[in-house]
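Visitor: Quick note, the sequences are listed as chains R and B, same order. Residue numbers are given in our numbering: position 47 of the first sequence equals residue 47, and the series is strictly consecutive. Start counting at 1 in the second sequence, then tack on 80, and there's your number in our numbering.
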Amino acid sequence: MSNKWNDPQHDDERELRSLLKREFPPLQNAQQQRDLWPQMLRRLDAQPLRVPWFDWLLAAAVAVALFFFPNAIPALLYQL
Amino acid sequence: MELLERFAAGDLEAFEALFRQHEKEVYRWIVRIVRDTGAGEDLTVETFWRTYRARERFDPAAGNFRAWARRIATNAALDYLRHARKETELSEDYPAAPKGDSAVRSELRGHLRRAFLELPAKYRLVATLALIEDEPYDQIAEAAGISVALVKVRVFRAVRMLRKKLSFFGLEAAAK
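What follows is the structure, given as structure tokens:
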């Protein structure tokens, strides 16, 4: 299916299309500048799931707080 | 064993072969959507990373790796458009106005550019491919995982949003 704008009712869109093409020239022949395979390998080697240290610290703080203040558990569950 | 079957089984060499076969096309497709060559490279890697991660869901018998990769690339590009900051989008590679541009014309260009970059991501995606890149609607629909009718609706709404924004700036007459 083609989206050529031959229908007169699309005059406005054709005009807008022309303006957009002028502002954002089509990029059908963009060429990558470097070999991406090494970056791909690094991505594959990376740990699939990394939990930031701050999250661990936060979880530990919550656990400690709940240990000392068990009455806060219902309030926490309510917030969740 | 065929290349696609080896890929689906997790063979890294098969994956590299597919990467080499399709990376340029995936890169070009992404750049046409996000219009940023640097982001295009990162998103190409992101696309193939997603394909490798989802390899067990790929059906080698169906065999259309190209269409599958394009769908994933489109989703990766859409995620980028959703999260890219507007400050980045209005980057410094803003093209200079052509010689002879009137002040009104130049103002229109600025507003049009800003209005386009401010379109919601899903509208910007189809508008970019349909209005700027002249991609057929059925190809856009397949890549975005939506119907052709929905592509038409989104293009129509994108055009309407752009018109509305330009008229808000009092520039509709200049756009015609």
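Backbone N, C-alpha and C fix where the C-beta goes; we use that ideal spot for every residue, glycine too.
Would you list, in sequence order, the uninterrupted alpha helix (DSSP H) runs of no fewer than 4 residues that lie entirely inside the segment 99–143 of chain B?
Guide: 117–133
Visitor: Would you tell me roughly how many angstroms separate the C-alpha atoms of residue 74 (chain R) and residue 51 (chain R), rounded to the nearest one?
Guide: Numbered from 1 along the first sequence, position 74 holds the residue referred to as residue 74 (chain R). Numbered from 1 along the first sequence, position 51 holds the residue referred to as residue 51 (chain R). Going from the Cα of residue 74 (chain R) to the Cα of residue 51 (chain R) covers about 26 angstroms.
Visitor: Roughly how many angstroms lie between the CA atoms of residue 218 (chain B) and residue 129 (chain B), to the nearest whole one?
Guide: To locate residue 218 (chain B), count along the second sequence from 1; it is residue 138. To locate residue 129 (chain B), count along the second sequence from 1; it is residue 49. Between residue 218 (chain B) and residue 129 (chain B), the C-alpha separation is close to 26 angstroms.
Visitor: Output, in sequence order along the chain, the residues in the segment 38–72 of chain R whose CB is closer than 7 angstroms to any CB in chain B.
Guide: 39, 40, 43, 44
Visitor: In whole angstroms, give me the CA-to-CA distance for residue 109 (chain B) and residue 153 (chain B).
Guide: Within the second sequence, numbered from 1, the residue matching residue 109 (chain B) stands at position 29. Within the second sequence, numbered from 1, the residue matching residue 153 (chain B) stands at position 73. Cα to Cα, the separation comes out at about 8 angstroms.
Visitor: I'd like to know whether the C-beta of residue 111 (chain B) is nearer than 8 angstroms to at least one C-beta of chain R.
Guide: For the purposes of this step, residue 111 (chain B) is taken as the residue at position 31 of the second sequence. At least one chain R Cβ lies under 8 angstroms of residue 111 (chain B).
Visitor: In the structure shown, what three-state DSSP assignment does residue 199 (chain B) receive?
Guide: The residue labelled residue 199 (chain B) in the question sits at position 119 within the second sequence. In the three-state DSSP reduction, residue 199 (chain B) falls in the coil class, being neither helix nor strand.
Visitor: Look at the Cβ atom of residue 220 (chain B), then the Cβ atom of residue 211 (chain B), and state whether they are nearer than 8 angstroms.
Guide: Stepping through the second sequence from its first residue, residue 220 (chain B) is reached at position 140. Stepping through the second sequence from its first residue, residue 211 (chain B) is reached at position 131. No, they are not a contact pair.
Visitor: Considering just the uninterrupted stretch of the alpha helix (DSSP H) at residue 152 (chain B), what are its terminal residues?
Guide: Against the second sequence, residue 152 (chain B) aligns to sequence position 72. Residue 152 (chain B) -> alpha helix (DSSP H) spans 145–163.
Visitor: Going by the beta-carbon positions, is the gap between residue 84 (chain B) and residue 140 (chain B) smaller than 8 angstroms?
Guide: Start at 1 with the first residue of the second sequence, and residue 84 (chain B) comes out as number 4. Start at 1 with the first residue of the second sequence, and residue 140 (chain B) comes out as number 60. The Cβ atoms of residue 84 (chain B) and residue 140 (chain B) lie closer than 8 angstroms to each other.
Visitor: How far does the alpha helix (DSSP H) with residue 73 (chain R) in it extend, from its first residue to its last?
Guide: Counted from its first residue, the first sequence places residue 73 (chain R) at position 73. That run of the alpha helix (DSSP H) goes 72–79.
Visitor: Would you verify that the beta carbon of residue 169 (chain B) is, or is not, closer than 8 angstroms to some beta carbon of chain R?
Guide: By 1-based counting over the second sequence, the position of residue 169 (chain B) is 89. With a pLDDT of only 49 at residue 169 (chain B), under 50, the local geometry of the prediction cannot be trusted, and no value is derived from it.
Visitor: Alpha carbon to alpha carbon, how far is residue 121 (chain B) from residue 16 (chain R)?
Guide: Here residue 121 (chain B) is taken as the residue at index 41 of the second sequence, counted from 1. Here residue 16 (chain R) is taken as the residue at index 16 of the first sequence, counted from 1. When rounded, the distance between both Cα atoms is 29 angstroms.
Visitor: Taking one C-beta from the segment 59–77 of chain R and one from the segment 95–112 of chain B each time, how about it: are there three or more such pairs within less than 8 angstroms?
Guide: no
Visitor: Between the Cα of residue 157 (chain B) and those of B:123, B:138, B:190, B:144, spot the shortest distance and give me the residue it belongs to.
Guide: Here residue 157 (chain B) corresponds to residue number 77 of the second sequence, with the count starting at 1. Cα-wise, what sits closest to residue 157 (chain B) is B:123.
Visitor: Using a Cβ cut-off of 7 angstroms, which residues of the segment 131–153 of chain B contact any Cβ in chain R, in chain order?
Guide: Legend: CB atoms of the segment 131–153 of chain B lying less than 7 angstroms from CB atoms of chain R belong to residues 132.
Visitor: Counting only beta-carbon separations shorter than 8 angstroms, does residue 30 (chain R) have a partner in chain B?
Guide: What you label residue 30 (chain R) is simply residue 30 of the first sequence in a count that begins at 1. It does; some Cβ of chain B falls within 8 angstroms.
Visitor: Do residue 195 (chain B) and residue 161 (chain B) have their CB atoms nearer than 8 angstroms?
Guide: If you number the second sequence from 1, residue 195 (chain B) lands on position 115. If you number the second sequence from 1, residue 161 (chain B) lands on position 81. Going by C-beta atoms, residue 195 (chain B) is not nearer than 8 angstroms to residue 161 (chain B).
Visitor: List the residues of chain R whose Cβ lies closer than 8 angstroms to the Cβ of residue 125 (chain B), in chain order.
Guide: As a first step, residue 125 (chain B) is located in the second sequence; it is residue number 45 there, counting from the start. Those within 8 angstroms of residue 125 (chain B) in chain R are 36, 39, 40, 43.
Visitor: Note down, in chain order, every chain R residue with its Cβ under 7 angstroms from the Cβ of residue 212 (chain B).
Guide: Translated into the one-based positions of the second sequence, residue 212 (chain B) becomes position 132. Near residue 212 (chain B) (Cβ distances below 7 angstroms), the residues of chain R are 20, 21, 24, 26.
Visitor: Would you say residue 16 (chain R) lies against chain B (beta-carbon separation less than 8 angstroms)?
Guide: In the first sequence, residue 16 (chain R) corresponds to position 16, counting from 1. Flagged as an interface residue toward chain B: residue 16 (chain R), by a C-beta distance shorter than 8 angstroms.
Visitor: Please report whether the beta-carbon of residue 107 (chain B) lies at a distance below 8 angstroms from any beta-carbon of chain R.
Guide: Residue 107 (chain B) sits at position 27 when you count from the first residue of the second sequence. It does; some Cβ of chain R falls within 8 angstroms.
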